[in-house]
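Residue numbers (this note's numbering), protein chains in the order written: chain U, 70 to 181; chain F, 366 to 479.
Note that beta-carbon positions come from the ideal geometry of N, C-alpha and C, so glycine has one too.
Predicted model only: the values in this text are computed from it and were never measured.
Shown next as structure tokens:
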């Protein structure tokens, strides 16, 4: 029972263009969403988050959009850089605490 | 200012042996979480501990797996009588509190069961 789904296993983007990573969820109790970035042989590192009371959060080149009615969120990276090449995980939580439910991840490759 | 430290980085065990994975949280963090990543999958929550207490172990298999976070020393994830299906990357994360804090992950322990 996958409560958080990232349907694109991989994405390839040209340097300087926009990268859009998508995530869908099924549990309407989720009220906090996060994106993590992971390089090989390292642990995930926090990138950006959004509370369910918002529909957009921006941090530099990274913007997360939340569409609650569609149970969908997306991460936009603009402009994309080769150093952004990594696995991106969408995660969600319900209520207090840090018990996160992760998607399977999307491999982003930014070509120079 | 060290981050979350996990050791060993790689652990090889034969079927039936025990695996012990260690995690030292970031300084000042009293909340520890263990997650497991199977190949081609996302991270899956296993257990949440505070010092000397297991708060939520809803993601732990009922048998062979146990976790502790003693008053002194690192958190330990222990897997008894390992089987090939236990082969995975095990990540520990810590946070200073419970309220929507961001988790800080360690680099993980890759367990391989032969």
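1) So, residue 157 of chain U versus residue 169 of chain U, is the Cβ gap smaller than 8 Å?
2) Does the segment 446-464 of chain F come within contact of the segment 90-107 of chain U, defined as at least 3 CB pairs closer than 8 Å?
3) With H, G and I counted as helix, E and B as strand and the rest as coil, what does DSSP make of residue 130 of chain U?
4) If I follow the unbroken beta strand (DSSP E) through residue 475 of chain F, where does it start and stop?
5) Say whether chain U places a C-beta atom closer than 8 Å to the C-beta of residue 463 of chain F.
6) Give the single residue among U:113, U:76, U:160 and U:114 whose Cα lies nearest to the Cα of residue 99 of chain U.
7) Pull up the DSSP beta-bridge partners for residue 430 of chain F, would you.
8) Put residue 379 of chain F into one of helix, strand or coil per three-state DSSP.
9) For residue 374 of chain F, does the three-state DSSP call read helix, strand or coil?
10) Determine the chain U residues that contact residue 398 of chain F at a beta-carbon separation under 7 Å, and present them in chain order.
11) Below 8 Å on the Cβ atoms is my guess for residue 405 of chain F versus residue 412 of chain F; work out the distance and round it to an integer in Å.
12) Could you say which of F:419, F:429 and F:454 lies nearest to residue 440 of chain F if we only look at CA atoms?
13) Could you please give the first and the last residue of the uninterrupted beta strand (DSSP E) stretch that includes residue 425 of chain F?
14) Contact between the segment 370-380 of chain F and the segment 115-130 of chain U: three or more CB pairs below 8 Å?
15) Give the range of the beta strand (DSSP E) segment to which residue 401 of chain F is assigned.
16) Select from the segment 413-443 of chain F all residues with a C-beta closer than 7 Å to any C-beta belonging to chain U, and list them in chain order.
17) Pick out whichever of U:76, U:71 and U:89 has its Cα sitting closest to the Cα of residue 154 of chain U.
18) State the Cα-Cα distance for the pair residue 140 of chain U and residue 101 of chain U, rounded to the nearest angstrom.
According to the data block:
1) No, Cβ-Cβ distance for residue 157 of chain U and residue 169 of chain U is not below 8 Å.
2) In the pairwise beta carbon analysis, the segment 446-464 of chain F is classified as not touching the segment 90-107 of chain U: fewer than three pairs are separated by under 8 Å.
3) The answer is coil: DSSP assigns residue 130 of chain U none of H, G, I, E or B.
4) For residue 475 of chain F, the uninterrupted beta strand (DSSP E) run begins and ends at 474-478, by DSSP.
5) Judged by the 8 Å Cβ criterion, residue 463 of chain F is in contact with chain U.
6) By alpha-carbon distance to residue 99 of chain U, the top candidate from U:113, U:76, U:160 and U:114 is U:160.
7) Checking the DSSP bridge columns, you'll see residue 430 of chain F partnered with F:444.
8) The answer is coil: DSSP assigns residue 379 of chain F none of H, G, I, E or B.
9) In the structure shown, the three-state DSSP call for residue 374 of chain F is coil.
10) Near residue 398 of chain F (Cβ distances below 7 Å), the residues of chain U are 167.
11) That belief does not hold up - the Cβ atoms of residue 405 of chain F and residue 412 of chain F are roughly 23 Å apart, past 8 Å.
12) Nearest C-alpha to residue 440 of chain F among F:419, F:429 and F:454: F:419.
13) No beta strand (DSSP E) holds residue 425 of chain F; DSSP gives it neither H nor E.
14) Result no; under three Cβ-Cβ pairs closer than 8 Å.
15) First-last of the beta strand (DSSP E) with residue 401 of chain F: 396-402.
16) Residues 413 and 421.
17) For the residues U:76, U:71 and U:89, the minimum Cα distance to residue 154 of chain U belongs to U:89.
18) Those two C-alpha atoms are separated by around 12 Å.
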